[in-house]
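Note sheet for the following structure.
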Amino acid sequence: YFEWGGNFKNLEKAKGRLLILMPLILLLVLVMIYVVFRNLFQTLLIFSGVPLAMVGGVVALLIAGLPFSISAGVGFIALSGIAILNGVVLISTINLLRQETGHSGVTLVFQGCLMRLRPVLMTALVEIFGFLPMMFSTGLGAEVQRPLATVVIGGVFSSTLLTLVVLPLVYLMFENRSGAKVEDKDDFQKGVC
Numbered sequence: 334y335f336e337w338g339g340n341f342k343n344l345e346k347a348k349g350r351l352l353i354l355m356p357l358i359l360l361l362v363l364v365m366i367y368v369v370f371r372n373l374f375q376t377l378l379i380f381s382g383v384p385l386a387m388v389g390g391v392v393a394l395l396i397a398g399l400p401f402s403i404s405a406g407v408g409f410i411a412l413s414g415i416a417i418l419n420g421v422v423l424i425s426t427i428n429l430l431r432q433e434t435g436h437s438g439v440t441l442v443f444q445g446c447l448m449r450l451r452p453v454l455m456t457a458l459v460e461i462f463g464f465l466p467m468m469f470s471t472g473l474g475a476e477v478q479r480p481l482a483t484v485v486i487g488g489v490f491s492s493t494l495l496t497l498v499v500l501p502l503v504y505l506m507f508e509n510r511s512g513a514k515v516e517d518k519d520d521f522q523k524g525v526c
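With our numbering, letter number 170 in the sequence shown gets 503, and the count goes up by one each step, no holes.
And the structure:
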C-alpha cells in the first residue's frame, strides 16, 4: 500500500489540528467579547466581521491561485483578530458617545464612525503595506509568506468595508427596531460613514 509521508503528512496533521483549534479560538473570542459588552446583539455584530474577513481572504487566495496551507490558516487567525479589533473600536466608541450625550440615531453613529475612521483605516493600511512585501516575495520562504500575506491583505479589505459600512447600518437597523429614538433621518441618505 502507499502511504504519504514527509511534508504532506505534516500538512494533513496540521490541518486536522487547525480544524479543532480554530472553532475553539473563535468561541473563546466570542465569549470574551460578550464579557466586555454584555450585549448579545453587539457581540454578534462585532463577531460578524470574522466571516466577511474570511471571505475576503478566500477570494484573495483564489485570485492569486494559491492553495490553502498552514501559513494561510495562520493568516485567517490573524485576520480574525484584526476584524474583531476594528469592530470593537467602532462599537465601543458609539456606545461611549451614547452614554455621554444621551442621543441615538444616525447622527450618533455617523459621529462615532468619523471619530474612528482614522484608527480603522490606519490599522488596515499598516496591515496591507506591512504584508505587501511578503505577498510579492519570490525568494526563500515565499511558499510560506505568500499565502499568509495574501489572506491577510484580502481579508483586511473586506473587513474594513464591513467595519465602516455594514456594521453602522446594522447597528442603526437594530436601534430602529428596538424602538430607540432616531434623529436626523436625512443624514441616513448621506451615508453612515
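C-beta atoms are modelled at their ideal positions from N, C-alpha and C, and glycine is treated no differently.
Quiz item: Could you give the distance in angstroms between the alpha-carbon of M506 and the alpha-carbon of Q432?
Solution: Along the sequence shown, read from residue 1 onward, the residue named residue 506 stands at position 173. Along the sequence shown, read from residue 1 onward, the residue named residue 432 stands at position 99. Between M506 and Q432, the C-alpha separation is close to 19 Å.
Quiz item: Hey, how far is the Cα of V503 from the Cα of L497?
Solution: Numbered from its first residue, the sequence shown carries residue 503 at position 170. Numbered from its first residue, the sequence shown carries residue 497 at position 164. C-alpha separation (whole angstroms): 11 Å.
Quiz item: Can you check whether the CB of V485 is closer than 7 Å to the CB of A411?
Solution: In the sequence shown, the residue the question calls residue 411 occupies position 78. In the sequence shown, the residue the question calls residue 485 occupies position 152. The beta carbons of A411 and V485 sit closer together than 7 Å.
Exercise. Would you check if the distance between the CB atom of S413 and the CB atom of V383 is smaller than 7 Å?
Key: Position 80 of the sequence shown, counting from 1, holds the residue named residue 413. Position 50 of the sequence shown, counting from 1, holds the residue named residue 383. Cβ distance < 7 Å, so S413 and V383 count as in contact.
Quiz item: When burial is assigned at 16 or more other CB atoms within 10 Å of the CB, is G488 buried or exposed?
Solution: Counting from 1 along the sequence shown, the entry for residue 488 is found at position 155. Burial call: buried.
Quiz item: Cβ of L423 within 7 Å of Cβ of R451?
Solution: Your numbering for residue 423 matches position 90 in the sequence shown. Your numbering for residue 451 matches position 118 in the sequence shown. Their beta carbons are not under 7 Å apart, which means L423 does not touch R451 by this criterion.
Self-check item: Minimum C-alpha distance to I379 - residue among V388, R479, L395 and S425
Solution: Residue 379 sits at position 46 when you count from the first residue of the sequence shown. Among V388, R479, L395 and S425, the Cα nearest to that of I379 is on S425.
Quiz prompt | With 16 other Cβ atoms within 10 Å as the buried cut-off, status of G524 | solution = To locate residue 524, count along the sequence shown from 1; it is residue 191. Because G524 sits at a pLDDT of 44, beneath the cut-off of 50, its placement in the model cannot be relied upon, and the following sentence gives the value as read from the coordinates. Looking at its Cβ environment, which holds fewer than 16 other Cβ atoms inside 10 Å, G524 is exposed.
Quiz item: Among V368, A482 and T434, which one has its Cα closest to the Cα of A393?
Solution: Residue numbering aside, residue 393 sits at position 60 when the sequence shown is read from its first letter. Among V368, A482 and T434, the Cα nearest to that of A393 belongs to A482.
Quiz item: Should G349 be labelled buried (16 or more other beta-carbon atoms within 10 Å of its own) or exposed?
Solution: Stepping through the sequence shown from its first residue, residue 349 is reached at position 16. Under this definition G349 is an exposed residue.
Quiz item: For the candidate residues A457, E345, K346 and M387, whose alpha-carbon lies nearest to that of L359?
Solution: As a position in the sequence shown, residue 359 is number 26, starting the count at 1. Considering only alpha carbons, the answer is M387.
Practice problem: Please determine, among L430, L399, G390 and L418, the residue with the shortest C-alpha to C-alpha distance to G445. | Solution: By 1-based counting over the sequence shown, the position of residue 445 is 112. Residue L430 is the option with its Cα nearest to G445.
Quiz item: How long is the line joining the alpha carbons of L377 and R371, rounded to whole angstroms?
Solution: Translated into positions along the sequence shown, residue 377 becomes position 44. Translated into positions along the sequence shown, residue 371 becomes position 38. Taking the straight line from one Cα to the other gives about 11 Å.
Exercise. Measure how close the beta-carbons of V407 and I427 come, nearest whole angstrom, since I'm counting them as under 8 Å.
Key: One-based indexing of the sequence shown puts residue 407 at position 74. One-based indexing of the sequence shown puts residue 427 at position 94. In fact, because the Cβ distance is near 31 Å, the residues do not count as touching under 8 Å.
Exercise. Give the range of the alpha helix (DSSP H) segment to which R479 is assigned.
Key: Counting from 1 along the sequence shown, the entry for residue 479 is found at position 146. First-last of the alpha helix (DSSP H) with R479: A475 to L494.
Self-check item: Within 7 Å, strictly: CB atoms of S529 and A416
Solution: Given a span of 334 to 526 for the chain in the structure shown, any question on residue 529 remains unanswerable.
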